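Down below is the structure, laid out as structure tokens.
Protein chains: 2
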Amino acid sequence: MKEEITTILKRNSLSVTASREKILTLFLGQDVALSHSDIEKKAGEKFDRVTVYRTLQTFTDKGIIHTIPTVDNAILYALCKDNCTQGHHHDQHVHFICDKCAQTFCLDNVVTPDVKLPQGYTSQQIEVVVKGVCKACKK
Amino acid sequence: MKEEITTILKRNSLSVTASREKILTLFLGQDVALSHSDIEKKAGEKFDRVTVYRTLQTFTDKGIIHTIPTVDNAILYALCKDNCTQGHHHDQHVHFICDKCAQTFCLDNVVTPDVKLPQGYTSQQIEVVVKGVCKACKK
DNA sequence: AAATAAAAGCAACATTGTTGCAAAATTTAA
DNA sequence: TTAAATTTTGCAACAATGTTGCTTTTATTT
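Residue numbers (the numbering used here), protein chains in the order written: chain L, 1280 to 1418; chain V, 1280 to 1418.
Structure follows, in structure tokens:
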């Protein structure tokens, strides 16, 4: 994993630092979207709050992670599995929030549906967030 | 309009107060979604910040307005045009964010599309936010 | 190994959101 | 219509979240 992380950072012309390694590890270790405070709790004891903010910003700018909007005003972050490039995300997948476990997942295999807009509107990007019960909680 | 506002408040068993009237007026006066800070700027000189928070919360609880998630961590609020009831929103429309004028609209006539989820996932609610260029800005 | 460049940490601050409580306004009931 | 009851407001204090400038530390380049 250590190598994978180095590769990702190098590919994006980022220097390899302890905080970046740690935060990337968190994302690679599971498939749930994380909030800033999640990350701060899991990595923040070793790193300054500001560093976490700046790292997440950098990763987002580079297209390593993407943000997911939520109704409760907490941005979530998740790995970009598609090959996003700097300044140009093209994640076209649906996000899923489980009402039971409160976790958010990227459904990488579910492509965002097309939406027919009224005359005069042009669509650039479509964000779909589905709420419900996830696979693990349904059982 | 004053009567309309009173009707809305009474129907939801809310007392008719100056701040509620003012904030409802803002929503009824146009069709763009508003952020907390928009509202604070437009109504906040007369009312305390806390009152604005509490009023928006009350309106949301009662189903008078609904929230729209955004990627930049600012909840937007917009009137429920469907007949939402307390504790049970059923807005099924698409939201549209214009990249040029940065305004957010409810496309009341565009129903959220169905999304086919993987085995094991149950859908409860689908939120669709489309980004692009709006009617007014396209010209 | 030294010079250069980049990132981290710190402090201070700005914004945003929350809570308890007393004062004021609204509604209810006499 | 007025008094009592209820609800809402405003204030203060606080907590959480996010931002900026600058110095020190760390990583990269030569």
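Heads up, the beta-carbon is just placed ideally off N, CA and C, and yes, glycines get one too.
All values reported here derive from a predicted model rather than from experimental measurement.
- Taken in chain order, the unbroken stretches of beta strand (DSSP E) that lie wholly in the region 1366-1395 of chain L and span 3 residues or more are 1372-1377 and 1383-1390.
- Fully contained in the region 1283-1339 of chain L are the following alpha helix (DSSP H) runs of length 4 or more, in chain order: 1297-1307 and 1315-1322.
- In the assembly as shown, L/C1380 is an exposed residue. Its beta-carbon has fewer than 16 other beta-carbons within 10 Å.
- At a beta-carbon threshold of 7 angstroms, the residues of chain V lying near L/S1402 are V1409 and G1411, ordered along the chain.
- Take the alpha-carbon of V/T1337 and the one of V/K1301: they are about 14 angstroms apart.
- In the three-state DSSP reduction, V/A1415 falls in the helix class (H, G or I).
- Contact annotation for V/T1349 against chain L: P1348 [CB-CB distance below 7 angstroms, chain order].
- Distance from the Cα of V/A1297 is smallest, within the candidate group V/A1353, V/V1331, V/L1396 and V/T1339, for V/V1331.
- By the Cβ test, the region 1346-1362 of chain V is in contact with the region 1345-1358 of chain L, since at least three Cβ pairs between them sit closer than 8 angstroms.
- For L/L1396, the nearest CB of chain V lies under 9 angstroms from its own CB, placing it at the interface with that chain.
- Selection L/T1401, L/D1378 and L/H1372 evaluated against L/T1391 yields L/H1372 as nearest (Cα-Cα).
- Under the three-state reduction of DSSP, V/K1410 is assigned to strand.
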